[in-house]
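Down below is the structure, laid out as structure tokens.
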Amino acid sequence: WHPHGFVSYVPSHLMGGHAISGRPHGKEWFGTCIPLLFNLPGLGEIFTCTNARPVDRKTLESILSQGGSVAIQPGGVKEQEATREDQEQAFFPAKLGFIRLAIKYGTPLMPLYLFGENQLYKR
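Note that the sequence shown covers residues -6 to 116 in the numbering used here.
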């Protein structure tokens, strides 16, 4: 899936069952997405029920300080607009706060890149 594409809600629903049951590593985890989506009627409740949380510092600090795990897709709306179907690209913000939080709380990082997913939808 394209984490910032128009179907970004699909993975949260598909992964929600895995997150709640602790698959694949035997420990419950939380997916994250833009806080704005939690303000949309109905959608915020659905995301919360599927173990999604707003990707903001306060929420991440709360989860990580309790020994929790999160899934984060770096980037945002600007990166969504800049994505091209004719080349592989990975976007990272200049401030990598999620890395500093992982170090602070001793949370392992598992980088993941899906080749070819940007070619699923053409502009």
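Built from N, CA and C at the ideal position, the CB exists for glycine as well. Computed from a predicted model, the values in this text were never measured in an experiment.
Cβ-based burial, Phe108 [other Cβ within 10 Å; buried from 16]: Position 115 of the sequence shown, counted from the first residue, corresponds to residue 108. When all chains shown are included, Phe108 counts as exposed.
Per-residue DSSP class, three states only, for Thr100: Looking up residue 100 in the sequence shown gives position 107. Three-state result, Thr100: coil.
Backbone secondary structure at Pro28 - three-state DSSP: Your numbering for residue 28 matches position 35 in the sequence shown. Helix at Pro28.
Proximity below 8 Å, CB of Thr100 to CB of Leu57: For the purposes of this step, residue 100 is taken as residue 107 along the sequence shown, with counting starting at 1. For the purposes of this step, residue 57 is taken as residue 64 along the sequence shown, with counting starting at 1. Result yes, Cβ atoms of Thr100 and Leu57 sit closer than 8 Å.
Which of helix, strand or coil DSSP assigns to Val63: Here residue 63 is taken as the residue at index 70 of the sequence shown, counted from 1. In the structure shown, Val63 sits in a strand (DSSP, three-state: E or B).
Gly19 to Met8 span [Cα, whole Å]: The residue labelled residue 19 in the question sits at position 26 within the sequence shown. The residue labelled residue 8 in the question sits at position 15 within the sequence shown. Roughly 14 Å between the two C-alpha positions.
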